[in-house]
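Position one of the sequence shown corresponds to residue 1 (our numbering), numbered consecutively onward.
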Amino acid sequence: MTSLTSSKRLVVKIGSSILVDEAKGQIRHDWLEALTDDVARLHKKGCEVVLVSSGAIRLGRTHLKLTAGALKLEESQAAAATGQIQLAHAYQAALARHGITVAQVLLTLDDSEARRRYLNARQTMATLLGLGAVPVINENDTVATDEIRFGDNDRLGARVAEMISADTLVLLSDIDGLYTGDPRNDTSAKHIPEIREITPEIEAMAGAAASELSNGGMVTKLIAGRIAMAAGCRMAIADGRPVGALGAAIDGKARCSWFLPEGSPLSARKKWIKGSLKSAGALVVDDGAVRALSKGKSLLPAGVTGIDGEFRRGDVVDVKDRAGRLLARGLVAYAAEDARRIAGRKSAEIERLLGFRGRDEMVHRDDLVVE
1 MTSLTSSKRL
11 VVKIGSSILV
21 DEAKGQIRHD
31 WLEALTDDVA
41 RLHKKGCEVV
51 LVSSGAIRLG
61 RTHLKLTAGA
71 LKLEESQAAA
81 ATGQIQLAHA
91 YQAALARHGI
101 TVAQVLLTLD
111 DSEARRRYLN
121 ARQTMATLLG
131 LGAVPVINEN
141 DTVATDEIRF
151 GDNDRLGARV
161 AEMISADTLV
171 LLSDIDGLYT
181 GDPRNDTSAK
191 HIPEIREITP
201 EIEAMAGAAA
211 SELSNGGMVT
221 KLIAGRIAMA
231 AGCRMAIADG
241 RPVGALGAAI
251 DGKARCSWFL
261 PEGSPLSARK
271 KWIKGSLKSA
281 GALVVDDGAV
291 RALSKGKSLL
301 PAGVTGIDGE
311 FRRGDVVDVK
321 DRAGRLLARG
331 LVAYAAEDAR
341 RIAGRKSAEI
351 ERLLGFRGRD
361 EMVHRDDLVV
371 E
């Protein structure tokens, strides 16, 4: 559990204070090239990688020659707009050396909480990963205001890991993990290598942010750990400052604090689906679909004979046989109106019937819990 070699879908969060040279306000290109070399190594082994990267505001601030001190909201947003281009270009150039495509994704807190936006973002990132791209994600500071901001990329990284069902989240920061006290001030503080539950005692160990370039401190990392663990995703806090920091973590040579969940991302997701208190409707299926479900397959439109209720895409619905027996619960891929149009029809007919090409499945097996 202390290396990244077993990861299948990895989210790496990169803090401003390690990506950007504080004195010059410019990207540490030697550090970034080493990082992308390590990303390419993982990519070659079949690991899907998502990067959650800070740094846009700091880079834009330098480029726009904004004065020292606190920025006004509109100045921060202007800096983010300018810096994000530089940030994306730097990642694009660094990964292009390995023939890897980069995709830019900007998110706000609303995008992770509003169901429809969440599903759209999840599907977009899943598609990008399936096409072999590396999404580079940042908070959309250009449009986000305080009430719709994550406020730090630790929590953003955890939300992204939850959204895409990642098995591992790594927070590359300016500290190598959780300590019993603040190691900057307390020489007796001890490093904690494994955390299996975030207790009040663990929370009491958190301190303030160590760098003026970083909005997060250990408090936000514990919040991220709680989100990740609830989603069945293990999380590591590692010192990202040395060149080649990710490579050291890949090889298990870097000292980290690991937050270890009880289950897997898929089991956590299915536990949430099963535990939903109320379904928004029901899909009635034929005998062929009943047999397919019992074998762990997805539910296709062809096997649906009836639609009960009014639901939206992404809602939890019951799946029942013709006798009304509950067979499963799942997240439906179509709203009720569209589901009625394609029920009983082949997946190849969906685009003609609806005017757009949606998913082939009415409920994908990863979103389905059989009773």
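A virtual CB, placed ideally from N, CA and C, is assigned to each residue, including glycine.
- Count the other CB atoms, across all protein chains shown, that sit within 10 Å of the CB of Arg82; report buried if there are 16 or more and exposed otherwise. First, the amino acid is wrong: residue 82 is Thr here, not Arg. Residue environment: Thr82 is assigned as buried (16 or more neighbouring CB atoms within 10 Å of its CB, all protein chains considered).
- Task: Taking Leu218 as part of the alpha helix (DSSP H), name the residues at either end of that continuous run.
- Result: Per the sequence shown, residue 218 should be read as Met rather than Leu. Its alpha helix (DSSP H) spans residues 218-230.
- Message: Let me make sure I understand the geometry here. Which of Arg341, Val52, Leu131, Leu354 has the alpha-carbon closest to that of Ala161?
- Response: Considering only alpha carbons, the answer is Val52.
- Query: By how many angstroms is the C-alpha of Gly181 removed from the C-alpha of Ser188?
  - Reply: About 8 Å.
- Message: Going by C-alpha to C-alpha distance, which of Gln84, Leu171, Ile137, Lys72 sits closest to His63?
- Response: Closest by alpha carbon: Gln84.
- Message: Is it the case that the region 155-170 contacts the region 23-42, given that we only count it when at least three CB pairs across the two stretches are under 8 Å?
- Response: In short, these stretches do not touch, since the Cβ pair count stays below three.
- Item | Assigned exposure category for Ala236 - 16 Cβ within 10 Å defines buried | That one is buried.
- Query: Sorted by chain position, which residues of the same chain lie with C-beta nearer than 7 Å to Ser7's C-beta, five sequence neighbours on each side aside?
  - Reply: The beta carbon of Ser7 lies closer than 7 Å to those of Cys47, Asp167, Thr168 in the same chain, with the five residues before and after it left out.
- Item | Where Asn138 falls, given that 16 or more other Cβ within 10 Å makes a residue buried | Burial call: buried.
- Item | Terminal residues of the beta strand (DSSP E) in which Met235 lies | Start and end: 234-239.
- If Val319 sits next to Leu283, beta carbons under 8 Å apart, how far is it from one beta carbon to the other, in whole angstroms? Right, their Cβ atoms sit about 5 Å apart.
- Query: Which partner residues does Lys13 have in the DSSP bridge list?
  - Reply: BP columns for Lys13 point to Val52, Leu171.
- Query: CB-CB under 8 Å to Leu353, same chain, minus the five flanking residues each way: which ones, in chain order?
  - Reply: By the criterion of a C-beta distance shorter than 8 Å, Leu353 is surrounded in its chain by Arg341, Ile342, Arg345, once the five residues flanking it on both sides are discounted.
- Query: With 16 as the cutoff for other CB atoms within 10 Å, does Arg325 come out buried or exposed?
  - Reply: Its Cβ having fewer than 16 others within 10 Å, Arg325 is exposed.
- Query: Just reading off the beta strand (DSSP E) that Thr305 is part of, what are its end residues?
  - Reply: According to the DSSP assignment, Thr305 belongs to the beta strand (DSSP E) that extends over 304-308.
- Alpha-carbon spacing of Pro383 relative to Glu22, whole angstroms: What is shown of the chain runs 1 to 371, which leaves residue 383 out entirely.
- Message: Give me, in chain order, the residues of the same chain whose beta-carbon lies closer than 8 Å to that of Gly163; leave out the 5 immediate sequence neighbours on both sides.
- Response: Looking at the sequence shown, residue 163 is not Gly but Met. The residues are Ser112, Tyr118, Ala121, Arg122, Met125.
- Query: Should Pro261 go down as buried or exposed, given a rule of 16 or more other Cβ atoms within 10 Å for buried?
  - Reply: Pro261 should be labelled buried.
- Can you tell me which of Ile195, Lys24, Leu131, His29 puts its alpha carbon nearest to the alpha carbon of Gly99? The shortest Cα separation from Gly99 among Ile195, Lys24, Leu131, His29 belongs to Leu131.
- Query: Can you name, in chain order, every residue of its own chain whose Cβ lies under 6 Å from the Cβ of Ile14, other than the five neighbours on each side?
  - Reply: So the qualifying residues of the chain are Ser53, Leu172.
- Item | Under the three-state DSSP convention, the category Tyr91 falls into | Note: Tyr91 maps to helix in three-state DSSP.
- Identify which residue in Asp239, Leu246, Val143 has its Cα closest to the Cα of Ile175. Residue Asp239 is the option with its Cα nearest to Ile175.
- Query: Which residue spans inside the region 256-328 form an unbroken beta strand (DSSP E) run of at least 3?
  - Reply: Within the region 256-328, the complete beta strand (DSSP E) runs of at least 3 residues are 256-259, 282-285, 304-308, 316-320.
- Message: On the DSSP letters alone, give me the boundaries of the alpha helix (DSSP H) that Val39 sits inside.
- Response: Start and end: 29-44.
- Task: Give me the Cα-Cα distance between Gly232 and Arg269, rounded to the nearest whole angstrom.
- Result: Our two residues, Gly232 and Arg269, have alpha carbons roughly 8 Å apart in a direct line.
- Report the three-state DSSP secondary structure of Asn185 (helix, strand or coil). Three-state result, Asn185: coil.
- Would you mind stating whether Met362 and Val290 have Cβ atoms separated by less than 7 Å? 7 Å or more divides the Cβ of Met362 from the Cβ of Val290.
- With a cut-off of 8 Å on the beta carbons, I'd call Ser347 and Leu299 a contact; round off their distance for me. Contact between Ser347 and Leu299 is ruled out by a C-beta separation of about 11 Å, above the 8 Å threshold.
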